[in-house]
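Peer 1: I'd like to ask some things about the structure below.
Protein chains: 2
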Amino acid sequence: MSITGRGLHGHVLDTLGPEITAGAYPPGSVLRTDELAQRFDVSRSVMREAVRVLESMHLVESRRRVGVTVRPACDWNVYDPQVIRWRLAGADRPRQLRSLTVLRSAVEPVAAGLAARNATAEQCAELTECALGMVANSRGGQLEGYLFHDVAFHRVILTASGNDMFARLGDVVAEVLTGRTHHDVMFDDPDPAAVTLHVQVAEAVRERDAARAEELTRQITVGALQELDILAP
Amino acid sequence: MSITGRGLHGHVLDTLGPEITAGAYPPGSVLRTDELAQRFDVSRSVMREAVRVLESMHLVESRRRVGVTVRPACDWNVYDPQVIRWRLAGADRPRQLRSLTVLRSAVEPVAAGLAARNATAEQCAELTECALGMVANSRGGQLEGYLFHDVAFHRVILTASGNDMFARLGDVVAEVLTGRTHHDVMFDDPDPAAVTLHVQVAEAVRERDAARAEELTRQITVGALQELDILAP
DNA sequence: CGGAACCAAAGGTCAGACTTATTGGTCACA
DNA sequence: TGTGACCAATAAGTCTGACCTTTGGTTCCG
Chain B
815 MSITGRGLHG
825 HVLDTLGPEI
835 TAGAYPPGSV
845 LRTDELAQRF
855 DVSRSVMREA
865 VRVLESMHLV
875 ESRRRVGVTV
885 RPACDWNVYD
895 PQVIRWRLAG
905 ADRPRQLRSL
915 TVLRSAVEPV
925 AAGLAARNAT
935 AEQCAELTEC
945 ALGMVANSRG
955 GQLEGYLFHD
965 VAFHRVILTA
975 SGNDMFARLG
985 DVVAEVLTGR
995 THHDVMFDDP
1005 DPAAVTLHVQ
1015 VAEAVRERDA
1025 ARAEELTRQI
1035 TVGALQELDI
1045 LAP
Chain U
815 MSITGRGLHG
825 HVLDTLGPEI
835 TAGAYPPGSV
845 LRTDELAQRF
855 DVSRSVMREA
865 VRVLESMHLV
875 ESRRRVGVTV
885 RPACDWNVYD
895 PQVIRWRLAG
905 ADRPRQLRSL
915 TVLRSAVEPV
925 AAGLAARNAT
935 AEQCAELTEC
945 ALGMVANSRG
955 GQLEGYLFHD
965 VAFHRVILTA
975 SGNDMFARLG
985 DVVAEVLTGR
995 THHDVMFDDP
1005 DPAAVTLHVQ
1015 VAEAVRERDA
1025 ARAEELTRQI
1035 TVGALQELDI
1045 LAP
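Keeping their order, the protein sequence lines are chains B and U. Using my numbering, read the first sequence as starting at 815 and increasing by one per residue. Using my numbering, read the second sequence as starting at 815 and increasing by one per residue.
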């Protein structure tokens, strides 16, 4: 699952990261490197490497004579995929899912509009293929198959936008969609209207109709917001 | 400037990070921890900590018997403020500035809409104050004063949205605005139309008019896109 | 009561030895 | 000749223990 699994310091992070992001230590709490090393039964070197990573994520701050202090949530690098995974695994998963869905609702329509202008012929083909895959898996409880194509679809859109900041949100969207299917609101079969919208977006991109691609994607994200009871009156 | 200045490993990062993000090492290049430690005249422990940080940013991957391999740009954590700073300092600064501005154009209007619904009375006051500050500094080449209030304005909007993912983009917007003023396109005085739009956004938020706040902010971001010759026909 | 000197605590750095996984080559066997 | 198993070289991973540096608190003196 997590890439940090490599090495001892990764194991430490797999425990300490979720603890911090879950709010187990209030902001300002002080941890001592030696104590942590003892707790996880690793050497100080390994513990220091773990602390450095947490520090680069702005989860903690290390200062001489003081120790490793936990930073308030507003300082965290909430776009770090690792941090996102930790937060999604924690108690405030619903809240995190809402934040990410709102982000999606802002980014994806614009990305779709750009994709309509920049997508290669190959990407257009991929998009159509994904949309067809969604249609094929939209009935009879084939949730996994549907999810697979749904994730691929949105990844292609974000990549085809040609904006590297958008492209990097592919993982985020994947997490949101996967989370929705596996844990949260997801009825037996996906909303037929959503399926149709995806097909139409693929169509609009293929026909280079940026305005239509953007508007249709906006409708998709509105649906996603409604699923989470995030109203937009 | 950079927070990594603390410690020896920070100094290593200040050199190695920009090198990698500038593309000095093609993807797949292999670096050896020992050689790097020798080059920077630091111990292996310090070098390892630096590598761990680069690894957490997905700039490199460390594997046994192989070394530290540089990852392709598409893998980088481009939302890490540190990575953003490094890329903005490098050769493809214009490209990075465009990416970020497009991201702004997607996020800020939605954030403004949310701010109109969620902003506290205090935040509304701050917003108005910032807008007035922009007006006061909009003539006579008071670029620094204008920039200060401009940055503050957008930070308040993003924070007041109530979405922590949006709030975290405050630093990004600050970098973009600062970069625009100090290095790139910026005429003697800011566009009067933009100044007016900011005042109107503050007004709309104060009056809880989400749709208007969103639309006005969209006009602001369109202006930002046009400044960088990113057309939207 | 205030400031300067002192001290201890905690992280920062270093050097060296040892461990372990991975890779690429070699050699034997089919 | 091809293919499998084995082995050795390699570079990261880990641990230990020593020493340095900064800094917050305490104490003592004016």
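The beta-carbon is built from N, C-alpha and C at its ideal position, and this holds for glycine as well.
For B:Ala905, count neighbouring C-beta atoms within 10 Å of its own C-beta (all shown protein chains included) and say buried if the count is 16 or more, exposed if not.
Peer 2: Counting from 1 along the first sequence, the entry for residue 905 of chain B is found at position 91. It is exposed - the Cβ of B:Ala905 has fewer than 16 other Cβ atoms within 10 Å.
Peer 1: Could you have a look at B:Thr915 and say whether DSSP puts it in helix, strand or coil?
Peer 2: To locate residue 915 of chain B, count along the first sequence from 1; it is residue 101. Three-state result, B:Thr915: helix.
Peer 1: As a quick exercise: from U:Val924, U:Leu914, U:Arg969, pick the residue whose alpha carbon is nearest that of U:Glu940.
Peer 2: Within the second sequence, numbered from 1, the residue matching residue 940 of chain U stands at position 126. Measuring from the Cα of U:Glu940, the nearest candidate turns out to be U:Arg969.
Peer 1: Within 10 angstroms of its Cβ, does U:Ser857 collect 16 or more other Cβ (buried), or is it exposed?
Peer 2: The count along the second sequence starts at 1 and reaches residue 857 of chain U at position 43. Looking at its Cβ environment, which holds fewer than 16 other Cβ atoms inside 10 Å, U:Ser857 is exposed.
Peer 1: Determine the closest residue to U:Ser919 out of U:Asp985, U:Leu1042, U:Thr1035, with distance taken between C-alpha atoms.
Peer 2: If you number the second sequence from 1, residue 919 of chain U lands on position 105. Here the closest residue by C-alpha is U:Thr1035.
Peer 1: So, is the C-beta of B:Asp894 closer than 8 Å to a C-beta in chain U?
Peer 2: Along the first sequence, one-based indexing puts residue 894 of chain B at 80. It does: the Cβ of B:Asp894 has a partner Cβ on chain U nearer than 8 Å.
Peer 1: Determine the closest residue to B:Thr835 out of B:Asp889, B:Val1009, B:Arg878, B:Gln1014, with distance taken between C-alpha atoms.
Peer 2: One-based indexing of the first sequence puts residue 835 of chain B at position 21. The shortest Cα separation from B:Thr835 among B:Asp889, B:Val1009, B:Arg878, B:Gln1014 belongs to B:Asp889.
Peer 1: Please determine if the region 885-903 of chain B and the region 942-953 of chain B are in contact, where contact requires at least 3 C-beta pairs separated by less than 8 Å.
Peer 2: Touching, no.
Peer 1: Looking at C-alpha atoms only, which residue of U:Asp964, U:Leu991, U:Arg931 is the closest neighbour of U:Leu1042?
Peer 2: Your numbering for residue 1042 of chain U matches position 228 in the second sequence. Ranking the options by Cα distance to U:Leu1042, first place goes to U:Leu991.
Peer 1: Between U:Arg1020 and U:Thr942, which are expected to be in contact by the criterion C-beta below 8 Å, what is the C-beta distance as a whole number of angstroms?
Peer 2: On the second sequence, residue 1020 of chain U is found 206 positions in, with the first residue counted as 1. On the second sequence, residue 942 of chain U is found 128 positions in, with the first residue counted as 1. Rounded, the Cβ-Cβ distance is 7 Å, consistent with contact.
Peer 1: Check the Cβ of U:Leu914 against every Cβ in chain B and list those closer than 9 Å, keeping chain order.
Peer 2: Here residue 914 of chain U refers to the residue found at position 100 of the second sequence. Going along chain B in sequence order, the residues near U:Leu914 (Cβ under 9 Å) are Met979.
Peer 1: Determine the contact status of B:Gly976 and B:His963, defining contact as a CB-CB distance below 8 Å.
Peer 2: Reading the first sequence from its first residue, position 162 is the one you call residue 976 of chain B. Reading the first sequence from its first residue, position 149 is the one you call residue 963 of chain B. Not in contact: B:Gly976 and B:His963 (Cβ atoms no closer than 8 Å).
Peer 1: At a CB distance below 8 Å, what residues from the region 918-937 of chain U approach chain B? Give them in sequence order.
Peer 2: Cβ contacts with chain B come from Ser919, Ala920, Val921, Pro923, Val924, Ala925, Leu928.
Peer 1: Taking U:Leu957 as the reference, which of U:Leu914, U:Ala945, U:Asp1002 has the closest Cα?
Peer 2: To locate residue 957 of chain U, count along the second sequence from 1; it is residue 143. Selected option, being the one with the closest Cα: U:Asp1002.
Peer 1: Could one say the Cβ of U:Met815 lies closer than 8 Å to chain B's Cβ atoms, at least one of them?
Peer 2: In the second sequence, counting from the first residue as 1, residue 815 of chain U sits at position 1. Confidence at U:Met815 is low in this model, with a pLDDT of 48, below 50, so the placement of that residue is unreliable and no value is reported for it.
Peer 1: Does any residue of chain U have a CB that is nearer than 8 Å to the CB of B:Pro832?
Peer 2: The residue labelled residue 832 of chain B in the question sits at position 18 within the first sequence. Cβ-Cβ to chain U under 8 Å: no for B:Pro832.
Peer 1: Using a beta-carbon distance below 8 Å, is U:Arg1032 in contact with chain B?
Peer 2: Taking the first residue of the second sequence as 1, we reach residue 1032 of chain U at position 218. No, no contact with chain B.
Peer 1: Any idea which residues DSSP pairs U:Thr883 with across the strands?
Peer 2: Stepping through the second sequence from its first residue, residue 883 of chain U is reached at position 69. Its beta-bridge partners are U:Val844, U:Glu875.
Peer 1: Since U:Asn951 meets chain B, which of its residues come closer than 9 Å, beta carbon to beta carbon?
Peer 2: Reading the second sequence from its first residue, position 137 is the one you call residue 951 of chain U. Near U:Asn951 there are no residues of chain B at all, since even the closest Cβ is about 28 Å away, more than 9 Å.
Peer 1: What are the residues of the region 854-867 of chain U that lie near chain B, defined by any Cβ-Cβ distance shorter than 7 Å?
Peer 2: Within the region 854-867 of chain U, the qualifying residues are Ser859, Arg862, Glu863, Arg866, Val867.
Peer 1: Using the three-state DSSP reduction, which class does B:Arg982 fall into: helix, strand or coil?
Peer 2: Residue numbering aside, residue 982 of chain B sits at position 168 when the first sequence is read from its first letter. Looking at B:Arg982 - three-state DSSP - the assignment turns out to be coil, as it is neither helix nor strand.
Peer 1: Give the C-beta separation of U:Ala966 and U:Leu972 to the nearest angstrom, bearing in mind that I take them to be a contact with Cβ-Cβ under 8 Å.
Peer 2: Taking the first residue of the second sequence as 1, we reach residue 966 of chain U at position 152. Taking the first residue of the second sequence as 1, we reach residue 972 of chain U at position 158. In fact, because the Cβ distance is near 11 Å, the residues do not count as touching under 8 Å.
Peer 1: Out of B:Gly959, B:Pro832, B:Asp978, B:Gln937, which one is the CA nearest neighbour of B:Thr995?
Peer 2: Position 181 of the first sequence, counted from the start, is the residue given in the question as residue 995 of chain B. It is B:Gly959.
Peer 1: Looking at the structure shown, is U:Ser870 part of a helix, part of a strand, or coil, going by DSSP?
Peer 2: Start at 1 with the first residue of the second sequence, and residue 870 of chain U comes out as number 56. If DSSP states are grouped into helix, strand and coil, U:Ser870 belongs with the helices.
Peer 1: Residues in its own chain within less than 7 Å of U:Val921 by CB, not counting five upstream and five downstream?
Peer 2: Within the second sequence, numbered from 1, the residue matching residue 921 of chain U stands at position 107. Excluding sequence neighbours, U:Val921 sits near Phe980, Leu983.
Peer 1: If we ignore side chains and look at the alpha-carbon of each, how far apart do B:Leu850 and B:Ser870 end up?
Peer 2: Along the first sequence, read from residue 1 onward, the residue named residue 850 of chain B stands at position 36. Along the first sequence, read from residue 1 onward, the residue named residue 870 of chain B stands at position 56. Cα-Cα distance, rounded: 18 Å.
Peer 1: Spatial neighbours of U:Gly927 within its chain, please: C-beta separation below 6 Å, excluding the five flanking residues on both sides.
Peer 2: Translated into positions along the second sequence, residue 927 of chain U becomes position 113. Excluding positions up to five away in sequence, the list reads Ala1024, Ala1027, Glu1028.
Peer 1: Three-state secondary structure (DSSP) at U:Ile1034?
Peer 2: Taking the second sequence and counting its residues from 1, the one referred to as residue 1034 of chain U is at position 220. It is helical.
Peer 1: Quick one: which chain U residues come within Cβ less than 7 Å of B:His968?
Peer 2: On the first sequence, position 154 is the one that residue 968 of chain B refers to. Going along chain U, no residue has its Cβ under 7 Å from B:His968, so there is no contact; the nearest lies around 15 Å.
Peer 1: Buried or exposed for U:Ala838, going by 16 or more other Cβ atoms inside 10 Å?
Peer 2: What you label residue 838 of chain U is simply residue 24 of the second sequence in a count that begins at 1. Classification for U:Ala838: exposed.
Peer 1: Would you call U:Val880 buried or exposed, if buried means 16 or more other Cβ atoms sit within 10 Å of its Cβ?
Peer 2: Taking the second sequence and counting its residues from 1, one reaches residue 880 of chain U at position 66. Counting Cβ neighbours within 10 Å, U:Val880 comes out exposed, since fewer than 16 surround it.
Peer 1: Please list, in chain order, the chain U residues whose beta carbon lies closer than 7 Å to that of B:Arg982.
Peer 2: On the first sequence, residue 982 of chain B is found 168 positions in, with the first residue counted as 1. Going along chain U in sequence order, the residues near B:Arg982 (Cβ under 7 Å) are Val892, Tyr893.
Peer 1: Tell me whether U:Trp890 sits in a helix, a strand or coil according to DSSP, three-state version.
Peer 2: Working through the second sequence from its first residue, we reach residue 890 of chain U at position 76. Coil at U:Trp890, not helix or strand.
Peer 1: Tell me the rounded alpha-carbon separation between B:Gly955 and B:Leu961.
Peer 2: Counting from one through the first sequence, the residue named residue 955 of chain B turns up at place 141. Counting from one through the first sequence, the residue named residue 961 of chain B turns up at place 147. Using only the alpha carbons, I get a separation of about 11 Å.
Peer 1: Quick one: is U:His825 near chain B, going by C-beta distance under 8 Å?
Peer 2: Taking the first residue of the second sequence as 1, we reach residue 825 of chain U at position 11. For U:His825, the answer is no, since every Cβ of chain B falls outside 8 Å of its Cβ.
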